[in-house]
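> The structure that follows is given in the form of structure tokens.
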Amino acid sequence: MTTRRRNLIGIGGSAGAIPALIDLLGSFDPEDDATVFLVVHRSNESQHLKSIIQRVSKLEVCEPDDCEPMRANCLYIARPDRHMMIGENHIHLRHGPRENNFRPAIDPLFRSLAVFGSTRAVGVILSGYLDDGAAGARAIQGIGGKVMVQDPAEAMSPDMPRATISAVGEPDAIFAAKDLGARLSQTVCEETGPHREVDREVKLEMMIAGLEKASMASEESLGELTPYNCPDCNGVLWEISDGPLTRYRCHTGHAYTSRSLERQQDEMLERSLFDSLRACRERANFVRNLAKRDATNKDHWTERAQGYERDCALLEALIKDRNPVVASS
Numbered sequence: 225m226t227t228r229r230r231n232l233i234g235i236g237g238s239a240g241a242i243p244a245l246i247d248l249l250g251s252f253d254p255e256d257d258a259t260v261f262l263v264v265h266r267s268n269e270s271q272h273l274k275s276i277i278q279r280v281s282k283l284e285v286c287e288p289d290d291c292e293p294m295r296a297n298c299l300y301i302a303r304p305d306r307h308m309m310i311g312e313n314h315i316h317l318r319h320g321p322r323e324n325n326f327r328p329a330i331d332p333l334f335r336s337l338a339v340f341g342s343t344r345a346v347g348v349i350l351s352g353y354l355d356d357g358a359a360g361a362r363a364i365q366g367i368g369g370k371v372m373v374q375d376p377a378e379a380m381s382p383d384m385p386r387a388t389i390s391a392v393g394e395p396d397a398i399f400a401a402k403d404l405g406a407r408l409s410q411t412v413c414e415e416t417g418p419h420r421e422v423d424r425e426v427k428l429e430m431m432i433a434g435l436e437k438a439s440m441a442s443e444e445s446l447g448e449l450t451p452y453n454c455p456d457c458n459g460v461l462w463e464i465s466d467g468p469l470t471r472y473r474c475h476t477g478h479a480y481t482s483r484s485l486e487r488q489q490d491e492m493l494e495r496s497l498f499d500s501l502r503a504c505r506e507r508a509n510f511v512r513n514l515a516k517r518d519a520t521n522k523d524h525w526t527e528r529a530q531g532y533e534r535d536c537a538l539l540e541a542l543i544k545d546r547n548p549v550v551a552s553s
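Residue 489 in the numbering used here sits at position 265 of the sequence shown, with consecutive numbering throughout.
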């Protein structure tokens, strides 16, 4: 009988995660076979992520292709603009709907680890803004897998570690990044129980991210209809109660936590204000030119232009005085 070990590891991070990842991998030296999957919200500064990781990882580092078989002692880095998920002994890359405004996102990977890895799964959350990964960590914890978190006091951006701690209640480890690597090395050697089935909702959300099943009935079965619209596609949003988390998903499949939805709504409002200011300025300039060319109606056009200019001043003051609230975790 084959011994099951906790050797399917998902690591997620965002802002500040790369220095933490270097520390973690520097102390990660498992005695047993392990397969690691990494999702980092990449910026322009992290385009050389693979070469950075290769310098410190004791595992082979790969950017997988779709349907590539999983191999032991390999660290797989999610490619840009593709969700990375696991299947039965292989890897899926999918151009599914963004989650928390990211693709790749951490939640789809973690859900797939819960579905196919079951008790073998370990989810690790490093430094990052907002709360991607928290819902996926709950799925891993719910199936009997382990959840580990970088100590928020050490993290450059503590949002994601704090959000995950709040979501799961008690992670299996909260350590500095270099100590997480050593703890993971021990965890890989642990025996675990038999495969357990996840909740239907976790499977469904994984399938939506993988474009395997996305119908109106699918999303409607996950939650309650809200009066809010999706910032990505303007479709209606459904509210999903997930323990301490409140999340949202539209018919297209775009998904948000409360915090990521608030951030997107705020950005949409700011764009709308600037669009309105641009339109008012264009209108005022156009009507001023009409006043110069139409002497008969000059006073009328001048009055109209002055009205648009007053609107511009109001919009400029509103934009200048805006102070978007960025709530702490």
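Backbone N, C-alpha and C define an ideal beta-carbon position, used for all residues, glycine too.
How long is the line joining the alpha carbons of serine 351 and aspartate 331, rounded to whole angstroms?
15 Å
> For aspartate 466, which residues does DSSP report across the bridge?
Leu469
> Quick one: Cα of asparagine 521 to Cα of cysteine 457, how far?
Take the alpha-carbon of asparagine 521 and the one of cysteine 457: they are about 44 Å apart.
> Could you please give the first and the last residue of the uninterrupted beta strand (DSSP E) stretch that includes histidine 318?
The amino acid occupying residue 318 in the given sequence is arginine; histidine does not appear at that position. It spans 315-318 - the beta strand (DSSP E) in which arginine 318 sits, taken as one unbroken run.
> What does DSSP give as the partner residues of cysteine 286 in its beta bridges?
Tyr300
> Have a look at the DSSP bridge pairing and note the partners of glycine 347.
Gly234 and Val371
> Contact check, glutamate 463 vs glycine 477 under 8 Å by CB: the rounded distance?
Their Cβ separation, rounded to whole angstroms, is 15 Å, which puts glutamate 463 and glycine 477 out of contact at 8 Å.
> Please determine, among Arg295, Ile543 and Arg306, the residue with the shortest C-alpha to C-alpha distance to asparagine 313.
Here the closest residue by C-alpha is Arg295.
> For glycine 366, tell me which candidate among Asp466, Pro376 and Ala397 has the shortest Cα-Cα distance.
Asp466
> Within 10 Å of its beta-carbon, does cysteine 291 have 16 or more other beta-carbons around it, so buried, or fewer, so exposed?
exposed
> Under the assumption that valine 346 contacts glycine 369 (Cβ atoms under 8 Å), give the Cβ distance between them as a whole number of angstroms.
6 Å
> Looking only at DSSP bridge pairs, what is arginine 528 linked to?
Beta-bridge partners of arginine 528 (DSSP): none assigned.
> Distance check for methionine 308 and leucine 273, CA to CA, integer angstroms please.
16 Å
> Rounded to a whole number of angstroms, what is the C-alpha to C-alpha distance between arginine 318 and asparagine 325?
15 Å
> What residue range is occupied by the uninterrupted beta strand (DSSP E) comprising leucine 446?
Looking at the DSSP string, leucine 446 is not in any beta strand (DSSP E), and its letter there is neither H nor E.
> Could you tell me which of Glu429, Tyr472, Leu428 and Pro455 sits nearest to leucine 449, measuring between CA atoms?
Tyr472
> Using beta-carbon positions only, say whether isoleucine 310 and proline 288 come within less than 8 Å of one another.
A distance of 8 Å or more separates the beta carbons of isoleucine 310 and proline 288.
> Can you confirm whether the segment 377-386 touches the segment 296-307 when touching is taken to mean that 3 or more C-beta pairs between the two stretches lie within less than 8 Å?
no
> Would you mind working out which of Val348, Ser238 and Ser251 sits nearest valine 392, comparing C-alpha positions?
Val348
> For arginine 295, is the beta carbon positioned less than 7 Å from some heavy atom of the ligand MG?
Among the ligands in the structure shown, none appear at all, so the ligand MG cannot be discussed.
> Buried or exposed: which applies to asparagine 231, given that a residue is buried once 16 or more other Cβ atoms fall within 10 Å of its Cβ?
buried
> Could you tell me which of Leu497, Arg507, Glu415 and Cys454 sits nearest to serine 484, measuring between CA atoms?
Considering only alpha carbons, the answer is Cys454.
> Three or more beta-carbon pairs under 8 Å between the segment 532-549 and the segment 507-520, yes or no?
yes
> Along the chain, where does the beta strand (DSSP E) containing threonine 411 start, and where does it finish?
Element bounds for threonine 411: not the beta strand (DSSP E) but the alpha helix (DSSP H), 401-412.
> Roughly how many whole angstroms lie between the Cα atoms of histidine 265 and histidine 419?
30 Å
> Can you pull the DSSP bridge partners for histidine 307?
Arg318
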